[in-house]
Amino acid sequence: MKRLFILSVLTLAAIGAFACTNFIVGKKASKDGSVICSYSADSYGMFQGLVHFPAAKHPKGTMRDVRDWDSNKYLGQIAEAEETYNVIGNINEWQVTIGETTFGGREEMVDTTGVIDYGSLIYITLQRSKTAREAINVMTTLVEQYGYCSEGETFTICDPNEAWIMEMMGAFVPDSIMSTLKPAARKQLGRTVWVAMRIPDDMICGHANQSRITTFMPAKKEEKGKETVLWSKNVVSYARIMGWYDGKRDQDFSYNAAYAAPDFSGRRICDARVWSFFNRYADGMDRYIPWAEGRDKDAEVLPLWVKPNRLLSVADVEAAMRDHFEGTPFSIGNDAENKDMGGGIWEMPYRPTPLYFEVDGKKYFNERPVSTQQAGFVYVSQMRSWLPREVGGCFWFANDDGNMVPFTPVYCCATESPKPYNTPGADDLTFSMDNAFWVQNWVSNMVYPRYAMMFPSLEQVRDSLDNSYFRLQKEVEDKALSLERKDRVAYLTAYTAEKADQMLARWKQLATYLIVKYNDMTSKPEDEHGRFLRTPNGLGATVKRPGYPQRFARELIRQTGNRYELE
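Structure follows, in structure tokens:
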């Protein structure tokens, strides 16, 4: 999702939102050999469920309309592929998964004549690719042919065997520079500059709205088809033409130094999220705190990937998508060493938008954790090479902030999007009780203001659902493996829908429970079975009135002195 351009700390007040987070786990860094990747699609006002593009055959010469993913603006047409694959969410029937985060970069690089934006590029590519390597080729070929009209993007591109990170920007050259170029130099021009790097199998990686690739050229020429680094032929020469790189050796060229240098916001607001993921699962991350703090210009740069101190599971990555910097110097939860009043009376680990605010002429910022209220959807994609592809690709999907909802299983072969994630009549301005996004947001927005009071009840239901899905996974997949392919697809499509329907029903129950339980800032008592207590005369038992949390009460008295003191 979009991150607005930043030139210096002085422009902070004008910035709207820093959106999206991706984490990546190589197959030798996971517990079961899966490649795992995640994506939180964060944008205020965003409404999107689980997209679905069915597999299809198209007559030669068919053209396809392209509309901007963010605005729905018509951009133009491209030639359709003769065969397209089934896509559900951000995974296709071959288990290829693609996510992104927007880093912006130099504004003057954007090609406004391009026909393909970053979001369309993802879904068009998923419909045309059987592997991550093929996806990289499809993406770079399409933008070279039709032009790329978005700002700088980092893409996660994974399949059951390989995980890649790719960064891409337009390569617009203004007439004032074009007119000075010799024919030989003009031949070096392309429409985009990009680099793709394969993440080592035993490593974890992440990106969060800041360009992450620095130097990238391998010391030795790599065998064709087995490359670990790929790049556009103009990636260095374009920077030289534009006057952004004058080094003697191409090998010393840094992608982000030339095109999207990390500033305070790129480090504190963006890379700090990646640091938090690394810190959660890798040793020695304290050395990179100065980088994540964003103030020390000489701080050691956060590495592109690190080796985890243990093998990770899908549940581990889901936990990382629920992170608010707990246990770190950046925490905004109730564990923070230097607690502040930003979370309100009931200490929510969220902060109001926008990220930046001004008081008496001075500019300030809020921390930006992974879990955020503006998430439209979150996923954790699990890709397994040893299983038939219909079973191997399990796409764990949440249609709201990942901290506030469970992740339901969606199999990559599913031929329909479940109704709760694709609800007729529901949109960003139309509430529907049949729609997961709206029901989940209804519950989340009840809980946010009274987080410390109400979140434990939500967490209990969330975790019980998540754990039930994990417990059922082997049984469901064993049954699927016993079926013929056609029946397997039908079975897993039905199972995907069943779990989405059950989750929605349970979330509606949770909504009404929370209203009854916590009505009027009180708490109704329950027995050991979760049933509300009644008096012998049949009325509701006396409610508990928790009042202020002690920390807030002390701060209130500190600010008001003896105004409320009893004689």
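Residue numbers (this note's numbering): 15 to 581.
Note that CB positions come from ideal geometry on N, CA and C, so glycine has one too.
Quick caveat, the model's predicted, so the values are computed rather than measured.
A straight-line Cα-Cα distance of about 29 Å links R281 and K247. Residue nearest to Y435 within the set S345, L518, Y162 and A199 is L518 (criterion: CA-CA distance).
In terms of CA proximity to V152, I171 leads the group I171, N533 and P438. The Cβ-Cβ distance between M335 and V394 falls below 9 Å. Rounded to whole angstroms, the gap between the alpha carbons of A514 and P432 is 6 Å. Here V419 really is in contact with Q454; their C-beta atoms are around 5 Å apart, less than 8 Å. A residue is called buried when at least 16 other Cβ atoms come within 10 angstroms of its Cβ; D277 meets this threshold and is buried. Per DSSP, reduced to three states, the secondary structure at W360 is coil, with no helix or strand assignment.
Closest option to P343, judged by alpha-carbon separation, among E94, A286, S52 and S190: A286. The secondary-structure analysis by DSSP pairs H221 across a beta bridge with N36. Secondary structure of F67 (DSSP, three-state): strand. Put simply, the backbone Cα of Y137 is about 54 Å away from that of R548. The DSSP assignment places complete alpha helix (DSSP H) segments of no fewer than 4 residues inside the stretch 364-414 at 403-406, in order along the chain.
Beta-carbon to beta-carbon, F451 and D414 are separated by about 6 Å, close enough to satisfy the 8 Å threshold. For M211, no alpha helix (DSSP H) run applies; the uninterrupted beta strand (DSSP E) run containing it begins and ends at T206 to R212, by DSSP. Setting aside the 5 residues that flank it on each side, K41 is surrounded in the same chain by G47, V49 and D215, each with a C-beta closer than 6 Å to its C-beta; the list follows chain order. Excluding residues up to 5 positions away in sequence, S446, D448 and N449 lie with their Cβ nearer than 6 Å to the Cβ of T437 in the same chain. The three-state reading of DSSP puts M77 in strand, counting E and B together.
Looking at the DSSP output, F169 sits in a beta bridge with E114 and M180. For W245, DSSP records a beta bridge to V209.
Ranked by Cα distance from A55, the first of L318, T536 and N223 is N223. Between T526 and V424, the beta carbon gap of about 27 Å keeps them out of contact (Cβ cut-off 8 Å). In the displayed model, I102 falls within a strand according to three-state DSSP.
By the Cβ test, the stretch 300-315 is not in contact with the stretch 398-408, since fewer than three Cβ pairs between them sit closer than 8 Å. Secondary structure remark: continuous alpha helix (DSSP H) runs of at least 4 residues inside the stretch 248-327, in chain order: 251-256, 269-273, 286-295 and 303-307. By the criterion of a C-beta distance shorter than 7 Å, T536 is surrounded in its chain by V557, K558 and R559, once the five residues flanking it on both sides are discounted. In this structure, M256 lies away from G184, with their beta-carbon atoms at least 9 Å apart. Pairing D173 with V110, the inter-Cα distance amounts to about 4 Å. The beta carbon of T139 is closer than 7 Å to those of I112, A149, V152 and M153 in its chain, skipping five residues each way along the sequence.
Note on geometry: alpha-carbon atoms of F67 and D82 lie some 17 Å from one another. Bridge pairing for R548: G554 [DSSP]. Between I346 and P363, the beta carbon gap of about 5 Å places them in contact (Cβ cut-off 8 Å). In this chain, the alpha helix (DSSP H) harbouring T526 covers R499 to K531. When Cβ pairs closer than 8 Å are counted between the two stretches, the stretch 89-104 is seen not to touch the stretch 469-488, the count staying below three.
Here P470 carries a helix assignment [DSSP, helix/strand/coil].
Around the C-beta of Q91, fewer than 16 other C-beta atoms lie within 10 Å, and the residue is accordingly described as exposed.
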